[in-house]
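Please read the structure below before turning to the comments.
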Amino acid sequence: MILNTTWQIVSVMGVEAICVFFITYFISTKGKVAERSYYDVVIEKAGLEERLRENLEENAGLKQKIQNLHLELQEARDKALVLDIEKKNLERTNMQFDAFLKSVDEQTKLHFENLANKIFDEKMNKFSKMSREGLHYLLEPVKENMQILKKELEEAFVRQGKEQFSLKNEIQRIVLANERITLQAENLASALKGNNKLQGSWGEVILEKVLEDSGLRRDQDYKMHSAGMSLTGITGGKQYPDVVVLLPEDKHIVVDSKVSLVHYERYCSEKQDENLRLAHLKQFVHSVRSHVNDLAGKRYTDIDSLNAPDFVLMFIPIESAYFLMVRADTELHGYAWCKKVVIVCPSTLLATLRTIESLWRLEKQNRNTLEIARQGGALYDKIAGFIQDMQKLGKQLDVAGCVYRDAMKKLSEGHGNILSRTKNLKNLGVKASKSLEIEAVDG
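Every letter in the sequence shown is one number past the one before it in the working numbering, and letter 327, counting from 1, is 367.
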């Protein structure tokens, strides 16, 4: 800003010099220029003098601005000097404060260390004293308990010896019972081998036992031989699957028991000839595949009255036979699935049925929830109606209260009201056994 002002002053001074030069030039050449009139020269001189006066005034204004700028510059320098002094004072104060904080921190740290050491020493001394005094009382019960434990261990060893002897006898009885069960199972197997109908009935018994163990109820959660369902196949004939499991939302799962006992029993009985065992195993797997084809051919899933998934469950009642066929034919499950058949054993069927039982329980809970919601909605409507009636009653009571207050005011307030006149009767000598007082009425 100062540079610009200085430049303006220099420009004005240059204009003044030029004006003086021209004036001198015109005066000196006055006699030489014959063409120009004296009057033109006078006018031109007056114009130049006016411009000179204006430049002088502008020059004076610029000089005043320069002086003001010098003053402002001096004030700025003074302020900068003051700020510099304050800055140095502040830095010195900060250094002193940092030194003070460092000193206080060291003193505090030392103080707390001494205090902690003192407290620790006191606690250690107190603990040592209490330990010495209480060690006897602590160890004495332990000693007594150890003696009791020793006695109990000795008695336990004696009891264990007796129990081991008893367990040995029990194991012997179990072995004998197992031998009897094995013999009965062999007799059952022998009885079943020659009677396919008996094999089927036995498989159905095992299947129903699994259903009962899963928590499902006959005729409520499942139907045996589609009792009461009247299932008709696609050819028009009646269909009687072993079990139809009832699912929530009127859905079903068909379970059919298949027993392939003959070749399985031969495989298990053969102990000498390994080739013959393998032949029986192949025949057993082939028998299972035949059962898969037979079950797929019944096309239970196409029955219109059944709302079943696109597969049926084929139940193998013998767990060991199931795992044997799975090991022998790793593609059996895939083959059955292509036929829309899922092969299950008691353990896998039980897990599936437990899931179904959980679905039924969840369905029942959902129905209960809906009933609770329905009753809750009805209760809500009743409460809403009651509240509306009470609100109407409240408004009517408010109206009655207003009428009551107005009547009491007319009775007891205002000039010459009934109450004051009645009291005047008593003052006039009327005898009365009761006093006439009315409580103040709000509102």
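The C-beta atom is built at its ideal place from N, Cα and C for all residues, glycine as well.
- The beta-carbon separation of residue 353 and residue 389, rounded to 7 Å, stays under the 8 Å limit for a contact.
- Per DSSP, residue 299 is not a residue of any alpha helix (DSSP H), being assigned neither H nor E.
- Within the model, the alpha-carbon separation for residue 131 versus residue 125 is close to 10 Å.
- Your pair residue 333 and residue 379 checks out as a contact, with CB atoms roughly 7 Å apart and the cut at 8 Å.
- A distance of 7 Å or more separates the beta carbons of residue 351 and residue 328.
- Residue 450 counts as exposed, since fewer than 16 other beta carbons sit within 10 angstroms of its beta carbon.
- Classified as exposed, residue 191 has fewer than 16 neighbouring CB atoms from the shown chains inside 10 Å of its CB.
- Across the structure, residue 377 and residue 306 are spaced so that their CA atoms are roughly 28 Å apart.
- The beta-carbon distance between residue 265 and residue 347, rounded to whole angstroms, is 19 Å. This is too long to meet the 8 Å contact definition.
- For residue 335, the enclosing alpha helix (DSSP H) starts and ends at 314 to 338.
- Leaving aside the five residues that flank residue 320 on each side, the residues in its chain whose CB is nearer than 7 Å to its CB run, in chain order, 303, 306, 307 and 310.
- Three or more beta-carbon pairs separated by less than 8 Å are not found between the stretch 235 to 253 and the stretch 359 to 377, which leaves the two stretches without contact.
- Classified as exposed, residue 83 has fewer than 16 neighbouring CB atoms from the shown chains inside 10 Å of its CB.
- Contact between residue 250 and residue 349 is ruled out by a C-beta separation of about 19 Å, above the 8 Å threshold.
- Residue 326 sits away from residue 298, with the two beta carbons spaced by 7 Å or more.
- Rounded to the nearest angstrom, the gap between the Cα atoms of residue 277 and residue 245 is 25 Å.
- Residue range 262 to 264 is occupied by the beta strand (DSSP E) that includes residue 262.
- By DSSP's assignment, residue 272 forms a beta bridge with 278.
- Closest by C-alpha distance to residue 263, out of 283, 86, 460 and 94, is 283.
- The three-state secondary structure of residue 383, taken from DSSP, is strand.
- If you draw a straight line from the Cα of residue 143 to the Cα of residue 117, it comes to about 39 Å.
- Beyond the five residues adjoining it in sequence on each side, residue 111 comes within less than 7 Å, by CB distance, of no other residue in the same chain.
- Counting along the chain, residue 355 sits inside the beta strand (DSSP E) bounded by residues 352 to 355.
- Assignment of residue 402 by DSSP, reduced to helix, strand and coil, places it in the helix class.
- Annotation: the continuous alpha helix (DSSP H) that includes residue 364 extends over 359 to 368.
- In this chain, the alpha helix (DSSP H) harbouring residue 372 covers 372 to 378.
- By the C-beta density criterion, residue 430 is exposed, having fewer than 16 other C-beta atoms within 10 angstroms.
- Residue state for residue 449 is assigned as helix, using DSSP reduced to three classes.
- Counted as a single uninterrupted DSSP element, the stretch harbouring residue 256 is not any beta strand (DSSP E), since DSSP gives it neither H nor E.
- Residue burial annotation: residue 361 is buried, with at least 16 other C-beta atoms found within 10 angstroms of its C-beta.
- The Cβ atoms of residue 384 and residue 363 do not sit closer than 7 Å to each other.
- Residue 135 counts as exposed, since fewer than 16 other beta carbons sit within 10 angstroms of its beta carbon.
- With a beta-carbon spacing of about 4 Å, residue 271 and residue 279 fall inside the 8 Å limit used to define contacts.
- Under the three-state reduction of DSSP, residue 130 is assigned to helix.
- The Cβ atoms of residue 394 and residue 254 lie closer than 7 Å to each other.
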